[in-house]
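The block underneath contains the structure these notes are about, expressed in C-alpha cells.
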Amino acid sequence: MKDTFGYLRKYPRYSIMIGLEILLLTCLIVLTMYAFVFQNDARKQLDVVVANREESLRLAEQLRDSSDDLTKMIRSYAATGDTRFLKYFYAILDIRDGKVKRPEKYEGFFWDYKVAEENIFEPAVGPGKSMRKQLLEQGFTDEEFAFLTKAKRLSDELVELEEKAIKAMSGSSTADNDQGREYALQLLYGKEYHDSKKKIMLAIDDFIGVLNKRTAAEVEVHQDSLDSINQTLRVLFAWSFFLVLALLLTIIKFQKKAVGDLNISLKEKTKEIHERERVETELRRNKDWLQITLNSIGDAVIATDINDIVTIMNPVAEELTGYKVAESVGKPLDDTFHIVSQDEREVPAKKILEIDLGGSSRRKDYFLVSKNQNKYLISSSAAPITGDNEELLGAILVFRDITEERRLMDQSMQTSKMEAIGQLAGGVAHDFNNMLSGIFSSVELLRRKLPEDPKVRKYLDLIFDASKRSADLTHKLLSFARKQPAVSTAINAHDSILAAVEILKKTIDRRIDINIISNSEPMMIIGDPSMIQSLFINLGINASHAMPDGGTINIECKTVDLDPVYCEVSPFEVSPGVFLDVEFCDSGTGIPKDVLPHIFEPFFTTKEQGKGTGLGLASVYGTVQQHEGAINVYSEEGVGTCFHLFFPIADDGAEVFVSEQQEDCQGSGLVLLVDDEPIVRVTAEALLMDMGFEVLIAEDGAEGVIKFKEHAEDIDLVLIDMVMPRMNGVDSFKAMRKINPNIRGVLASGFANEEEFALVKEVGFSEYIRKPYLRRNLCEILNKVFSGKQV
0 MKDTFGYLRK
10 YPRYSIMIGL
20 EILLLTCLIV
30 LTMYAFVFQN
40 DARKQLDVVV
50 ANREESLRLA
60 EQLRDSSDDL
70 TKMIRSYAAT
80 GDTRFLKYFY
90 AILDIRDGKV
100 KRPEKYEGFF
110 WDYKVAEENI
120 FEPAVGPGKS
130 MRKQLLEQGF
140 TDEEFAFLTK
150 AKRLSDELVE
160 LEEKAIKAMS
170 GSSTADNDQG
180 REYALQLLYG
190 KEYHDSKKKI
200 MLAIDDFIGV
210 LNKRTAAEVE
220 VHQDSLDSIN
230 QTLRVLFAWS
240 FFLVLALLLT
250 IIKFQKKAVG
260 DLNISLKEKT
270 KEIHERERVE
280 TELRRNKDWL
290 QITLNSIGDA
300 VIATDINDIV
310 TIMNPVAEEL
320 TGYKVAESVG
330 KPLDDTFHIV
340 SQDEREVPAK
350 KILEIDLGGS
360 SRRKDYFLVS
370 KNQNKYLISS
380 SAAPITGDNE
390 ELLGAILVFR
400 DITEERRLMD
410 QSMQTSKMEA
420 IGQLAGGVAH
430 DFNNMLSGIF
440 SSVELLRRKL
450 PEDPKVRKYL
460 DLIFDASKRS
470 ADLTHKLLSF
480 ARKQPAVSTA
490 INAHDSILAA
500 VEILKKTIDR
510 RIDINIISNS
520 EPMMIIGDPS
530 MIQSLFINLG
540 INASHAMPDG
550 GTINIECKTV
560 DLDPVYCEVS
570 PFEVSPGVFL
580 DVEFCDSGTG
590 IPKDVLPHIF
600 EPFFTTKEQG
610 KGTGLGLASV
620 YGTVQQHEGA
630 INVYSEEGVG
640 TCFHLFFPIA
650 DDGAEVFVSE
660 QQEDCQGSGL
670 VLLVDDEPIV
680 RVTAEALLMD
690 MGFEVLIAED
700 GAEGVIKFKE
710 HAEDIDLVLI
720 DMVMPRMNGV
730 DSFKAMRKIN
740 PNIRGVLASG
750 FANEEEFALV
760 KEVGFSEYIR
770 KPYLRRNLCE
780 ILNKVFSGKQ
790 V
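When we follow numbering that gives the first Met the number 0, the leftmost residue of the sequence shown carries the number 0, and every step to the right adds one.
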C-alpha cells in the first residue's frame with residue numbers, strides 16, 4: 000500500500016481522479032448504509048402492522064366462532080339433554096369473559112374436537128383475559144369500538160334467550176320435562192333466536208369490515224415507505240456500480256502507465272540487484288576467508304559490536320572460554336568472557352575493551368575463568384573496529400593462554416636467581432673456608448703443643464666447636480651452590496631416610512608422628528649418603544617448626560618415569576628415565592603464597608632472630624641439584640606442605656658405598672704447599688711438619704711452578720689450592736707435570752662440583768681435599784696418596 004501511494008505521487012492527474020472517485024464512492028457507500036438502516040426500520044414497522052392486523056382479524060374470527068360454538072352447545076343440550084353440552088356452553092362463556100384461562104390453540108374446530116373426545120374437557124383454573132380486553136389491546140378506533148360494543152350487547156341478549164331455554168330444560172318454567180325440552184327447542188330454533196343471531200353476526204361482520212379496512216390502509220402506508228426506500232437503494236447501487244467501473248478504468252489506465260514506467264525502472268533495478276548480488280557474493284567470500292583465517296589463528300579472537308554484543312568467535316576462544324559460538328553470538332561479552340584480576344577481583348569485560356579511538360591497543364594480563372571453572376592466565380589486547388567515516392563499530396579482542404609460558408618464565412627466573420645466589424654463596428664460602436682452615440689447623444696444633452691444662456683445653460674445645468659449626472654453615476652454602484664435593488656411589492635411599500628419621504625422633508617434638516610408606520623397588524640411587532641424610536633431617540626440622548602443637552610427617556617413596564616432555568620444561572637439569580619420587584608431607588601451618596618463591600634462598604627465614612639460619616632448605620635445594628635430581632613443593636595455608644624430591648635410580652652395576660676406618664699418619668718427604676692465603680699457609684705448614692714432612696712454600700700458582708722447577712727432583716707431593724690469583728691450581732699443576740709427569744698432587748678447595756673434580760682427575764691429581772684442613776682428613780688423604788690408593 001505504501002508503495003502504491005508512492006507511485007501515485009509520481010502521477011498527480013491519476014492521483015486526483017482516483018481520489019475523487021474514491022471519495023464519491025465512499026459517500027455513496029455511507030448513504031447506502033444509512034438507506035439500509037432506514038429499510039430495516041421500515042421493514043420492522045411493516046412487520047408489526049401486519050402482525051397487529053393478523054392478530055386483530057384472528058380475534059374477530061374467534062368472537063364469531065365463540066357465538067357459533069355457544070349456539071351449537073345449547074342446541075345440542077336441548078336436543079340430547081346431555082349435560083356435558085351445557086357444561087361446555089358455560090365454559091365457552093367463561094373463556095370469552097376471561098373468568099378462566101384461555102386454552103392453547105383456541106380457534107377453529109376446537110370445540111368440535113372436544114365434543115368428539117370421550118373425556119370431559121376441564122378449563123384451566125385461574126383468571127384469564129376476556130376477548131373484549133384482548134381486542135381493546137390491539138388499539139381499535141372509536142368506530143371499531145362501537146361495533147364491538149354493539150356485538151357484545153347483542154351477544155349478551157342472545158345468551159339470555161339461551162339461558163331461558165336452559166331453564167326450560169331443567170323444568171324450572173314447566174311442570175313437564177318433555178314440554179320443557181320442546182319449549183326449549185322452540186326457543187333455540189325459533190324466529191326470535193335466528194333474528195338475534197343474525198343481528199350478532201351482522202354486528203361482528205361490520206366490526207371485521209371496519210377493522211380490515213383500517214389495518215389494510217396501515218399496511219399499505221408502511222409498504223409504500225419500504226418500496227420508496229428500496230427504490231432509493233437501487234439508485235444508490237446503480238451509482239455505486241458506475242463509480243466502481245469508473246474507478247477501475249482509472250486504475251487500469253494508471254496501471255498501464257505505471258507498468259510502462261516500472262519496466263524501465265525494473266531494468267535499472269535489475270542491474271542494481273546484480274551488482275548487489277556480486278557485492279554480497281564478494282562479502283560472503285571475504286567472510287569465509289575471514290572465518291578460515293580466524294580458525295587458523297593460534298590465539299583466541301572475539302569480536303563485539305558497539306554494545307559489547309559478541310558477533311564473531313573462533314575455535315580457540317571456544318576452547319578457552321568453554322562456550323560454543325551458538326551460546327555466545329548475540330549475547331553480552333560478560334556472559335562468555337569471565338575475567339578476574341591477579342588479586343582475584345572480578346573485572347567487567349567492558350574494562351578489557353577500553354579502546355583508544357586513535358587505534359592503539361592496551362595489553363593487560365588477567366585470569367580467564369572458563370564455563371567449567373578452569374582458570375587460565377591470559378595475555379589480552381583489544382583494538383577498535385571502525386567504519387569508513389572513522390565511526391566506532393565495535394571492538395576486536397585477542398587473547399591467549401600464557402599459563403604455561405608464565406610458569407616456565409617464573410621457573411627460569413627463579414633458577415637464574417638461585418644460580419646467581421649460588422655463585423655469591425660459593426664465593427663467600429670459599430673465603431670463609433680459608434679463614435676456618437687457619438683456625439682449625441691452629442687449634443689442632445695448639446692441642447698437640449700445649450700441656451694438658453684442663454682450662455686451656457676447655458677454651459680450645461670452644462674455639463674448635465664454634466669453628467665446626469661455622470664450617471657446617473659453610474658446607475650448607477657450598478651444597479646450595481653445588482660446590483660441595485659429594486661421594487658418587489650407589490646408596491640405598493631408604494637407609495638414609497631411616498637414619499634421618501631416627502635422628503629426628505630424638506630431636507624434634509615427640510608429639511609429631513613420622514610415617515614411612517615405601518612402594519619403590521629398587522631404592523638405590525647415586526649420591527652421597529651423608530648429604531642425603533642431611534637433606535631429610537633439614538626437611539624434618541623445617542616441618543617441625545611448622546607444627547608447634549604436634550602433627551604428622553608422611554614420607555612415601557615410589558618410582559616414577561619422567562618423560563622427555565617433563566624433563567624439557569623442568570627448570571632442573573634432569574634426563575628422562577626412572578626416578579625415585581620421595582613425597583615428604585607435613586600437616587603444619589603451610590607456607591604463604593608470597594613466601595613460597597623464596598624458601599630455597601640462602602639466609603631467607605621467617606623465624607625469629609636466633610631460631611634459624613635460613614640455610615636448611617637452601618642446602619636441600621643444592622643437594623638435589625648436585626644429585627642431578629629435581630624438587631617441587633606444594634603448600635596450602637592451614638593444611639600443610641608437600642615436597643616431591645626426584646633422584647635418578649642407580650644402574651645395577653653401580654659401586655655400593657662402604658664406609659672406611661680413619662687412619663693416623665706419620666710420614667716423611669718434601670711437600671710443596673701452594674696457597675694464596677697466609678693463614679692457610681702457616682697452619683697447613685705446621686700440620687704437615689707435625690706429621691713429619693718437610694714443607695716448601697709458594698704464595699700462588701706461578702710461584703709454585705718456579706719453586707717446582709728449582710726442586711723438581713726433591714719434591715714428593717704437591718698440595719695446591721684451586722682458586723688463586725695469577726695462575727689457578729689446575730693450570731699450575733699442568734705446568735709442573737710437564738716438568739715431572741710422575742709428580743703426585745692433591746688439589747685443595749673450599750668447593751668443587753662433580754664436573755670440576757672429573758676435570759681434576761684428567762689433569763693428573765691423585766686426590767682432592769676439602770677446606771678447612773682437619774688433621775684427620777689431611778692424614779687420610781696423604782695415606783691414600785702415598786699408598787697408591789684413589790677414591
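Every residue, glycine too, gets a C-beta built ideally from N, C-alpha and C.
Can the beta-carbon of residue i be found less than 8 Å from the beta-carbon of residue j?
i: residue 333; j: residue 348; result: yes
i: residue 328; j: residue 313; result: no
i: residue 738; j: residue 708; result: yes
i: residue 561; j: residue 570; result: no
i: residue 132; j: residue 97; result: yes
i: residue 581; j: residue 554; result: yes
i: residue 637; j: residue 585; result: no
i: residue 225; j: residue 45; result: yes
i: residue 556; j: residue 522; result: yes
i: residue 675; j: residue 723; result: yes
i: residue 531; j: residue 489; result: no
i: residue 309; j: residue 330; result: yes
Considering Cα atoms alone, identify which of the options is closest to residue i.
i: residue 246; options: 294, 149, 338, 15; result: 15
i: residue 66; options: 676, 112, 385, 87; result: 87
i: residue 47; options: 145, 135, 221; result: 221
i: residue 223; options: 38, 28, 631; result: 38
i: residue 496; options: 71, 583, 346; result: 583
i: residue 293; options: 269, 396, 84; result: 396
i: residue 206; options: 254, 139, 155; result: 139
i: residue 164; options: 211, 244, 80; result: 80
i: residue 230; options: 748, 31, 84; result: 31
i: residue 578; options: 775, 648, 627, 526; result: 648
i: residue 22; options: 261, 243, 273; result: 243
i: residue 392; options: 716, 69, 304; result: 304
i: residue 601; options: 617, 635, 250; result: 617
Helix, strand or coil: how does DSSP classify residue i here?
i: residue 512; result: strand
i: residue 791; result: Nothing about residue 791 can be read from this structure; the chain reaches only from 0 to 790.
i: residue 100; result: coil
i: residue 83; result: helix
i: residue 239; result: helix
i: residue 565; result: helix
i: residue 321; result: coil
i: residue 383; result: strand
i: residue 794; result: Summary: the structure shown does not reach residue 794, with the chain confined to residues 0 through 790, and so no result is reported for it.
i: residue 123; result: coil
i: residue 31; result: helix
I'd like the list of long-range same chain contacts for residue i, defined as Cβ closer than 8 Å, with 5 residues on each side in sequence excluded.
i: residue 99; result: 90, 93, 122, 123, 124, 125, 126, 127
i: residue 175; result: Reliability fails at residue 175, whose pLDDT of 48 lies under 50, so the model's placement of it is uncertain and the value that follows must be treated cautiously. So no residue of the chain qualifies.
i: residue 695; result: 669, 670, 671, 672, 706, 710, 714
i: residue 134; result: 55, 58, 59, 62, 147
i: residue 202; result: 146, 149, 150, 153
i: residue 156; result: 195
i: residue 514; result: 551, 552, 553, 554
i: residue 137; result: 51, 54, 55, 58
i: residue 106; result: 57, 60, 61, 64
Taking 6 Å as the limit between beta carbons, can you name the residues of its chain near residue i, skipping five residues before and five after?
i: residue 534; result: 619, 622
i: residue 402; result: 375, 376
i: residue 726; result: 700, 701
i: residue 101; result: 94, 127
i: residue 239; result: 27
Roughly how far, in whole angstroms, is the beta-carbon of residue i from the beta-carbon of residue j, given that I think they are within contact range, below 8 Å?
i: residue 41; j: residue 228; result: 5 Å
i: residue 728; j: residue 673; result: 7 Å
i: residue 668; j: residue 690; result: In fact, because the Cβ distance is near 10 Å, the residues do not count as touching under 8 Å.
i: residue 320; j: residue 369; result: 6 Å
i: residue 143; j: residue 210; result: 5 Å
Among residues of its own chain, excluding the 5 on either side of residue i, which ones have a beta-carbon nearer than 7 Å to its beta-carbon?
i: residue 306; result: none
i: residue 506; result: none
i: residue 354; result: The predicted position of residue 354 is uncertain, since its pLDDT is 47 and thus under 50; a value taken from the coordinates is nonetheless stated next. If we look at residue 354 and ignore the five residues flanking it on each side, its Cβ neighbours are 381, 382, 383, 394.
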